[in-house]
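Peer 1: Residue numbers (my numbering), protein chains in the order written: chain F, 574 to 872; chain D, 932 to 1135.
Where is the CB? At the ideal position from N, CA and C, for every residue including glycine.
Please find one structure pasted underneath; my questions will follow.
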Amino acid sequence: MTGKDKHDTELENYLDGSDGLTNAYHQDAKGMPPVHADEAILAASRKAIGTGPASVTPIFSAKWHVPVSIAAVVVLSVLVVFNLPNESQRVLYEPVIEESNSNSVRQKADSFERNESIGQEISVNEVEMILDSTSLQDTRSQRAQSAELSELMATERMTMDEIIPVDEVSGEALQQFIAPEMDFANPRPATSYSQILDDPVSISINQTANMNDGSDVMQRAETAQRRQSAIECTTPRPEECAEIYMPVCAVRDTGIRCVTSPCDNTEQVDYSNACSACRDPEVLSYTEGQCLVPEPSEP
Amino acid sequence: MYELSGENMALTTKAVTPYTLSMDQESTDEDLMLSYQRGNAGAFEVLYSRHKGPVYRYVLRQCRVEETASELFQEIWMKLIQNHKHYEVKAKFTTWLYTIARHRIIDYYRQQGNRALEVDSGEVDSLSAAHTDQPDVRAGLQQTISQLAVALESLPALQREAFLLKEEAGMGLDEIAKLTGVNREAVKSRLRYAVKKLRQVMNP
């Protein structure tokens, strides 16, 4: 066997694994990469395909977010659909509320006028402030307010027309008479009157009206009405009058002059007729009919 | 560049199915790599667990320093990961993997001023011996306390490379020839000298 043949035989034995060199090598070949190299390579492999760390992958790759998202969309859609009727009702109802508010403003003005005519210390500005400080929340308070005011008017046995004869005066006169600063053509915003009944000042207005006797209110209303139809005495004054009984209610100057603060310097006096009233030089004007005598208030 | 034999082609054309751990263990390297291309991180983990030891030893036996071997080892796999989308089943996965490893080792040798894998075998002996005399190389050798390992370290680089590709990568003569760019006879010659020297160590 030549040297070359010997080498070929050794190579063939090596290649087929029969010489033991391969086994000897692998018994000694125990080297393995360090752990940090393993971790770095595996992390890079996950990052390269966008899956992130293996410990996090099960959480973020889970399929739970799909049904949860669908469920959330369904729930939100249902909520929106069920809330749509409420929204439309509110939109449709607002004009009604506004219209109701116009009536409410008028009723409040009536109440204010009654209190003003009775002589309570409530000014127009205060009422305006009350109206400004209130806001409309729902129609129930409006209805309750209307019902209370209706009950109040029924208790006083009078209507608004009885209090203020609108057919006898113009709208402007009515406005100036009731509340010069109020604008009935342009009432307050619909949302500014809803809590009037909840407002303690507003309640005091109603309570004030209820505490006064109804006939007294009627008397004051009649006075207001007559104030519009008063006839002034003309000069020269009559000296002789016929004894005709056509009673009139005259406004007579009492001669009292207040210095420190304003006060009423007139009084109402019954005369048998207009001539007799104007014969009195202190009488300023008169209205037809007897003066209203206040009835004693009930305890 | 690399053409598959009929047997290898039959392996790579196997139907790709969703991978479970057991199926991954039975899958070919090529299937695992294709699965990784489609986003299966588990396929890469199986692939890595199969080849990390041989590749590491292939690198360690040639650079001879564990720390350097670890760095080169990581760079090889990072290179593979970066180019995983370009992988095509035109050759065995191991051929692709060890081509990357070999190129990285050549770059390392160039950085060290050593062209051991690029020069003729006649020059390799002296270069390899000089490299072995370096202090860090001796420290690396002390960690592989084995006469066979020492003998392997003393082999010329090209002979050692051929031996390692045979033992670690499990390549045949033709595959080694394709990978190293030489003909079959040159590979046989390198292996023949390597085996002769190693046997002298085992049977003095």
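Note down, in chain order, each residue of its chain lying with its Cβ closer than 8 Å to the Cβ of Val1126 of chain D, except the 5 sequence neighbours on either side.
Peer 2: So the list reads Phe1094, once near-sequence residues are dropped.
Peer 1: Would you say Arg810 of chain F and Arg852 of chain F are within 8 Å of each other, going by their C-beta atoms?
Peer 2: Closer than 8 Å, so yes.
Peer 1: Just reading off the alpha helix (DSSP H) that Cys851 of chain F is part of, what are its end residues?
Peer 2: Residues Ala847 to Arg852.
Peer 1: Assuming Val1113 of chain D contacts Leu1104 of chain D under a Cβ cut-off of 8 Å, what Cβ separation, rounded to an integer in Å, is found between them?
Peer 2: Between Leu1104 of chain D and Val1113 of chain D the Cβ distance is about 11 Å, and since that is not below 8 Å, they are no contact.
Peer 1: Using the beta-carbon of each residue, which ones in chain F are nearer than 9 Å to Gln1131 of chain D?
Peer 2: In chain order: nothing, as chain F lies at least about 11 Å away.
Peer 1: Give a yes or no on whether the minimum CB-CB distance between Glu612 of chain F and chain D is below 8 Å.
Peer 2: Not an interface residue.
Peer 1: Are at least three pairs of beta-carbons, each pair with one atom in the stretch 603-612 of chain F and one in the stretch 993-1008 of chain D, less than 8 Å apart?
Peer 2: Taking 8 Å as the limit for Cβ pairs, the verdict is that the stretch 993-1008 of chain D does touch the stretch 603-612 of chain F.
Peer 1: State yes or no: is the beta carbon of Thr582 of chain F nearer than 8 Å to at least one beta carbon in chain D?
Peer 2: It does not; no Cβ of chain D falls within 8 Å.
Peer 1: Residue range of the beta strand (DSSP E) that Leu857 of chain F falls in?
Peer 2: Residues Val856 to Glu861.
Peer 1: Using a cut-off of 9 Å between C-beta atoms, extract the partners of Gly604 of chain F located in chain D.
Peer 2: Those are Gly984, Tyr987, Arg988, Leu991, Arg992, Glu997, Ala1000, Gln1074 and Thr1075, listed as they occur along chain D.
Peer 1: Nearest by alpha-carbon distance to Tyr1018 of chain D: which of D:Leu963, D:Ala1082, D:Leu1083 and D:Leu1079 is it?
Peer 2: The shortest Cα separation from Tyr1018 of chain D among D:Leu963, D:Ala1082, D:Leu1083 and D:Leu1079 belongs to D:Leu963.
Peer 1: Counting Cβ pairs, one atom from each stretch, are 3 or more of them under 8 Å apart for the stretch 811-819 of chain F and the stretch 838-852 of chain F?
Peer 2: Yes, the stretch 811-819 of chain F touches the stretch 838-852 of chain F.
Peer 1: Please report the straight-line C-alpha distance between Val654 of chain F and Glu957 of chain D, rounded to a whole angstrom.
Peer 2: Answer to the nearest angstrom: the Cα atoms are 55 Å apart.
Peer 1: Going straight from the alpha carbon of Cys836 of chain F to that of Arg830 of chain F, what length do you get?
Peer 2: The straight-line gap from Cα to Cα measures roughly 8 Å.
Peer 1: Looking at the secondary structure, which residues open and close the alpha helix (DSSP H) in which Arg825 of chain F lies?
Peer 2: Here Arg825 of chain F belongs to no alpha helix (DSSP H); instead the beta strand (DSSP E) covers Val821 to Asp826.
Peer 1: Measure the C-alpha to C-alpha separation of Gln1078 of chain D and Ala1032 of chain D and round it to an integer number of angstroms.
Peer 2: Cα to Cα, the separation comes out at about 26 Å.
Peer 1: Starting from Thr959 of chain D, follow the beta strand (DSSP E) in both directions and report where the run begins and ends.
Peer 2: Careful: Thr959 of chain D lies outside any beta strand (DSSP E) and carries neither H nor E.
Peer 1: Check the Cβ of Tyr979 of chain D against every Cβ in chain F and list those closer than 8 Å, keeping chain order.
Peer 2: Residues of chain F passing the Cβ test: Asp611, Ile614, Leu615 and Ser618.
Peer 1: Apply the 10 Å Cβ neighbour rule to Pro985 of chain D and answer buried if 16 or more other Cβ atoms are within range, or exposed otherwise.
Peer 2: Buried is the call here.
Peer 1: Chain F beta carbons: is any one of them nearer than 8 Å to that of Ala972 of chain D?
Peer 2: Closer than 8 Å: yes.
Peer 1: For Gln841 of chain F, which of helix, strand or coil comes out of DSSP?
Peer 2: Here Gln841 of chain F sits in strand by DSSP.
Peer 1: Considering Cα atoms alone, identify which of F:Asn586, F:Ser618, F:Glu840 and F:Ser591 is closest to Ser966 of chain D.
Peer 2: For the residues F:Asn586, F:Ser618, F:Glu840 and F:Ser591, the minimum Cα distance to Ser966 of chain D belongs to F:Ser618.
Peer 1: Helix or strand or just coil, what does DSSP make of Glu816 of chain F?
Peer 2: Three-state result, Glu816 of chain F: coil.
Peer 1: Is Ser802 of chain F near Pro820 of chain F, with beta carbons less than 8 Å apart?
Peer 2: Their beta carbons are not under 8 Å apart, which means Ser802 of chain F does not touch Pro820 of chain F by this criterion.
Peer 1: Under three-state DSSP, which class holds Ile1155 of chain D?
Peer 2: Given that chain D is displayed from residue 932 to residue 1135, the structure contains no residue 1155 of chain D and the question cannot be resolved.
Peer 1: Where Leu1083 of chain D and Gln1090 of chain D are concerned, what is the direct C-alpha to C-alpha distance, given to the nearest angstrom?
Peer 2: Distance between the alpha carbons of Leu1083 of chain D and Gln1090 of chain D is about 9 Å.
Peer 1: Quick one: residues in its chain with C-beta nearer than 7 Å to the C-beta of Val641 of chain F, no 5 flanking neighbours on either side, listed in chain order?
Peer 2: No residues qualify anywhere along the chain.
Peer 1: Leaving out the 5 sequence neighbours to the left and right, which residues in its chain are closer than 8 Å to Glu812 of chain F when beta-carbon positions are compared?
Peer 2: For Glu812 of chain F, where only same-chain residues beyond five positions count, the Cβ hits under 8 Å are Arg852.
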